[in-house]
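Student:
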Amino acid sequence: MPARILNGNLIRDQILSELRAELETLESRGLRPGLAAVLVGHNPASEIYVRNKIKACQALGLYSEKIAPPESVSTEDMLALVAELNRRDEIDGILVQLPLPPQVDSKRVLLAVDPAKDVDGFHPTNLGCLVTQRPGLVACTPAGILEILKRSGIPIAGRRAVVIGRSDIVGKPVALLLLHENATVTICHSKTQDLAAVAREADILVAALGRPAMVTRDFIRPGSTVIDVGMNRLDQAADVERIFAGQPAKIEEFRQKGAVLVGDAHPGDVAACAGAYTPVPGGVGPLTIAMLMSNTVKAARLRRGGPHGPR
Ligand code: GUN
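With positions in the sequence shown counted from 1, the corresponding number in the working numbering is that position plus 30.
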């Protein structure tokens, strides 16, 4: 039986249409949620991500603001900027796009964001709320992965989940979310021995290691669900021809654009072995932005909705 493709664009659209209904309620009470995105310098990937986040705000009718300090910005300048955004009442969500340049102390900057406006869910207060199952703002990609699984009817409770990658942004929080849904969770990383054998135990395999097409058929238990968090840009013909052998349309796309995207899972192997999987692009990526919108609306409701808020 062919693998089921978990279409992130459709799930994103569902979430955004639910948010529109909630926004109407907030608007009727004179409240328009606002997001400030801070983008330092000219990292090409970050520029695309922030552009897409601002576009999503505009499409949904949220207020948005892009703040673009120069590459040479200091930690003190960043702290002053965050303090100003914390103070402004019309800003509900603050997003500091990572990575920051090396002279900036990223941990100090993220710690300075008001946890009530931390729509990325990166503040230790929000991470602590996640660990202890208290209400808070949850990191967007992990929250989006749970939405994909739940809205696709993939069972989690009692299942084996294996997360490859232990970042603060994806690996650790998604492992906690799966644990709270009663999965039996294993977190793997670069020092894990016989990674493929551990991965093969998974009913749900989350690939968040940041290595193009590294999760091959020997990692995938037949029929399991594979969630691919990777977004790797391939710009070498040899890599594209090896990874996309037998997919002339992709090779043609590479010839025209000079680069193509691939996830952390091998696209041919995951389609052949998994029971269900998220494609790249069009899987997890759209959910990250949908959950950022959702967190911004939630932050506005919690912070400014007052005691008679909609929920
Ligand atoms: N850099 C890569 N992913 C993310 C993200 O989800 N949020 C922010 N702020 N920066 C990132």
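Beta carbons are placed, not taken as given, at the ideal position from N, Cα and C, and that holds for glycine.
Roughly how many angstroms lie between the CA atoms of MET261 and GLY240, to the nearest whole one?
Tutor: Roughly 7 Å between the two C-alpha positions.
Student: Out of LEU209, PHE274, ALA229, which has the shortest C-alpha to C-alpha gap to PRO218?
Tutor: Going by the sequence as given, residue 218 is Cys instead of Pro. Measuring from the Cα of CYS218, the nearest candidate turns out to be ALA229.
Student: Determine the closest residue to ARG331 out of LEU179, VAL149, GLU95, GLY188, with distance taken between C-alpha atoms.
Tutor: Of the candidates LEU179, VAL149, GLU95, GLY188, the one whose C-alpha sits nearest the C-alpha of ARG331 is VAL149.
Student: CA-CA distance, THR222 and ARG59?
Tutor: So the two alpha carbons sit approximately 52 Å from each other.
Student: For GLU106 and LEU130, what's the separation of their Cα atoms in angstroms?
Tutor: Going from the Cα of GLU106 to the Cα of LEU130 covers about 13 Å.
Student: So for ASN262, helix, strand or coil by DSSP?
Tutor: Looking at ASN262 - three-state DSSP - the assignment turns out to be strand.
Student: Is VAL134 near ligand 1, in the sense that its beta carbon is under 7 Å from a heavy atom of that ligand?
Tutor: Outside the cutoff, so no.
Student: Helix, strand or coil: which one does DSSP assign to GLY38?
Tutor: Residue state, collapsed to three classes: helix.
Student: As an exercise, report each continuous alpha helix (DSSP H) stretch of at least 4 residues that is fully enclosed by the stretch 200 to 260, in chain order.
Tutor: Listed in chain order, the complete alpha helix (DSSP H) runs (minimum 4 residues) inside the stretch 200 to 260 are 201 to 210, 225 to 229.
Student: Please tell me whether LEU36 and THR318 are closer than 8 Å, where the distance is taken between their beta carbons.
Tutor: Their beta carbons are not under 8 Å apart, which means LEU36 does not touch THR318 by this criterion.
Student: Looking at LEU208: is its Cβ nearer than 8 Å to the Cβ of ILE186?
Tutor: For LEU208 and ILE186, yes; Cβs fall inside 8 Å.
Student: Using beta-carbon positions only, say whether LEU65 and LEU92 come within less than 8 Å of one another.
Tutor: Yes.
Student: Can you find the residues in the same chain that come closer than 8 Å, C-beta to C-beta, to GLY339, ignoring five residues on each side of it along the sequence?
Tutor: Its pLDDT being 46, under 50, GLY339 is placed unreliably in this model, and the coordinates cannot settle the point.
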